[in-house]
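Step one of this worksheet: look at the structure below.
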Amino acid sequence: MRIWLPVLLLFVATEARWLNIPSVALRISKAITGWEEFPSPFGNDKETEILPLPEDDESEVDKEEPTFLTYEQILADQEKYMKKIVVSLDDDEENEEDVKEILNSQNERKIDLEAVKMAQLEEGYYEAQESSSSDSSSSSSSEEDEWEESRPYLKCSCLKKSGKVFESKSAPRVWESSGYKEDLPKEWDWRNINGVNYCSPTRNQHIPVYCGSCWVFGTTGALNDRFNIARKNRWPMTMVSPQEIIDCNGKGNCQGGEVGNVLEHAKIKGLVEEGCNVYRATNGECNPYHRCGSCWPDSCFSLTNYTRYYIKDYGPVSGREKIMAEIKRGGPLACAIGATKKFEYGYTSGVYAEKSNLESNHIVSLTGWGVDENGVEYWIVRNSWGEAWGELGWYRTVTSKYMDGTGDQYNMGIERDCYYADVDVSNLN
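According to mature numbering (1 follows the signal peptide of the UniProt record, and there is no 0), the sequence shown holds residues -16 to -1, 1 to 413 in order.
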């Protein structure tokens, strides 16, 4: 009985809080047992240590102002992380020495800002071309006109013509035979031949910085399409590397070049796919790594097992019917135009017509032709200023048939100086 009584009292005491009668339960327990407190479960020799509650730390918390990196510090950090040691995985020791000697054991991919500044200071770079005139009626000078005149003529300083005619031809062209005009359809668009698109996407030559590389993009765009056509649009779609051409063609660069520089390079050395040397919009060294390379987290290296894209015959073509026949027979062409400021800043959509006699300063890819709802015949052209410009990077302009056969004065001379190239797919799948 004396054993169960303390147990009962302990139960009552523990339930007292739930019954909300703690004081009554404790008084009853004291009256019966005479205990001032319940025995410790650990024995009388153990004292319960009561730890004090932690007090709020009144000391000063770090109240310093947050620090922000300066623009120069950010650039310095980026530069540090973009430096990678270059090694060669090729067994060719001479090849390895070339990489180390040219890159000095580092691959510092820097933007050539000095080259950009030099391009911007070229004569006439920021000035309107006086030889260009518009068919629209002239209005009186205004603040808006003055502002438009002051806008930099950024994108059309990329064609540097040497006067040389580039040609390597082993057989007559289709347009050199009699009766070729009879086979020309009313419309032809390589973006939609029986529902199939053979054209590669438009690119932006000015990302990440300005680069006068239209001569590369206008030409490689046409070559990409011709490879797709010759391969019957089999996977993967062809996308050759513009940067490898800038680095290794030996002539043109971000300060300009011409179509023939690309064609000669493709004929002799072959082109490489975009993944070998991605576009950086800067002049780079030519070495095995920049020909075709890759990187691990701590090193970069050259590759040897990569596909080469070659061309065979190439040469000039001009004139409306000859251009149409060449496009239909083999694919798009690389063509020179005299791009005006109105074209650069003002074109958004539709069939473009501006009377101008500006000298050629830009290269584009001419991919087909069509007729609009008003019966106006036009060329279909891919530019290299990104999808934000024009009709998702493309534009249409009148053919020489426009204005009773004087349309050549209204299409920036696109029919005067074009180049074709027959692609070699014998080594491709």
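The beta-carbon is built from N, C-alpha and C at its ideal position, and this holds for glycine as well.
No experiment lies behind these values; they were computed from the predicted model shown.
Whole angstroms is fine: what's the gap from residue i's alpha carbon to residue j's?
i: Glu228; j: His274; result: 7 Å
i: His190; j: Gly196; result: 8 Å
i: Gly377; j: Thr291; result: 28 Å
i: Asn261; j: Trp199; result: 18 Å
i: Asn345; j: Trp363; result: 19 Å
i: Val382; j: Glu361; result: 6 Å
i: Val158; j: Ser283; result: 50 Å
i: Pro194; j: Asp167; result: Residue 194 is actually Tyr in this sequence, not Pro. Spanning the two alpha carbons is a distance of roughly 42 Å.
i: Ile295; j: Val180; result: 24 Å
i: Gly389; j: Met308; result: 16 Å
i: Asn237; j: Ser333; result: 30 Å
i: Pro220; j: Gly202; result: 21 Å
i: Gly147; j: Ile347; result: 15 Å
i: Asp392; j: Val365; result: 15 Å
i: Met396; j: Ile177; result: 27 Å
i: Gly268; j: Val335; result: 38 Å
i: Ser225; j: Thr204; result: 8 Å
i: Pro185; j: Tyr404; result: 19 Å
i: Lys326; j: Ser340; result: 11 Å
i: Met387; j: Arg215; result: 39 Å
i: Arg304; j: Ala372; result: 29 Å
i: Ile213; j: Tyr164; result: 21 Å
i: Cys142; j: Tyr394; result: 21 Å
i: Val243; j: Lys145; result: 9 Å
i: Asp297; j: Glu160; result: 15 Å
i: Cys270; j: Arg175; result: 34 Å
i: Val409; j: Ile398; result: 28 Å
i: Thr266; j: Gln239; result: 9 Å
Buried or exposed: where does residue i fall if 16 or more other Cβ atoms within 10 Å of its Cβ makes it buried?
i: Asn245; result: buried
i: Glu151; result: exposed
i: Trp353; result: buried
i: Pro169; result: exposed
i: Ile252; result: exposed
i: Thr222; result: buried
i: Arg218; result: exposed
i: Thr324; result: buried
i: Trp280; result: exposed
i: Glu171; result: exposed
i: Gly359; result: exposed
i: Ser286; result: buried
i: Glu310; result: buried
i: Glu343; result: exposed
i: Asp209; result: buried
i: Gly234; result: exposed
i: residue 422; result: Nothing can be reported for residue 422: it is not among the residues displayed for the chain, which extend from -16 to 413.
i: Gly314; result: buried
i: Ser384; result: buried
Could you name the residues that DSSP lists as bridge partners for residue i?
i: Val355; result: Glu361
i: Ala320; result: Ile347
i: Tyr379; result: Val365
i: Cys402; result: Val301, Cys319
i: Ile177; result: Val180
i: Asp388; result: Note: Asp388 sits in no beta bridge, so no partner.
i: Trp172; result: Trp353
i: Asn237; result: Gly240
i: Leu412; result: Answer is none; Leu412 lacks a bridge partner.
i: Ser152; result: Tyr298
i: Glu257; result: Val224
i: Val262; result: Beta-bridge pairing links Val262 to no other residue.
i: Asn395; result: Glu338
i: Glu143; result: Per the sequence presented here, residue 143 reads as Leu, with Glu not at that position. Gly241, per the DSSP bridge assignment.
i: Asn188; result: Trp369
i: Val407; result: Ile295
Relative to the C-alpha of residue i, which candidate in the options has its C-alpha closest?
i: Asn367; options: Asn341, Pro316, Val193, Gly359; result: Pro316
i: Val149; options: Thr324, Ile347, Gly352, Leu247; result: Leu247
i: Pro300; options: Lys144, Arg400, Glu338, Arg313; result: Arg400
i: Pro272; options: Asp231, Thr383, Ser302; result: Asp231
i: Ala155; options: Asp406, Gly322, Asn411; result: Asp406
i: Asp173; options: Asp408, Asn233, Gly330, Lys312; result: Lys312
i: Leu412; options: Phe211, Pro192, Lys153, Ser162; result: Phe211
i: Ala318; options: Gly330, Thr324, Ser302; result: Ser302
i: Asn188; options: Asp408, Ser410, Gly374, Asn395; result: Gly374
i: Leu207; options: Asn233, Ala250, Lys339; result: Ala250
i: Ser162; options: Lys306, Leu143, Gly277; result: Lys306
i: Pro192; options: Asn176, Asp392, Leu287, Arg264; result: Arg264
i: Ile321; options: Ala337, Glu310, Gly314; result: Ala337
i: Gly277; options: Arg304, Gly259, Thr351; result: Gly259
i: Val256; options: Thr288, Val243, Lys153, Val355; result: Thr288
i: Leu350; options: Tyr379, Pro226, Glu357, Met387; result: Tyr379
i: residue 473; options: Tyr394, Tyr329, Tyr386; result: Residue 473 lies beyond the residue range present for the chain, which begins at -16 and ends at 413; the question has no answer from this structure.
Using a Cβ cut-off of 8 Å (strictly closer), state whether residue i contacts chain B.
i: Ala405; result: As a matter of chain content, chain B is missing from the structure shown, which is built from one protein chain.
ask   = Which residue spans inside the region 271 to 314 form an unbroken beta strand (DSSP E) run of at least 3?
value = 277 to 280, 283 to 286, 294 to 301
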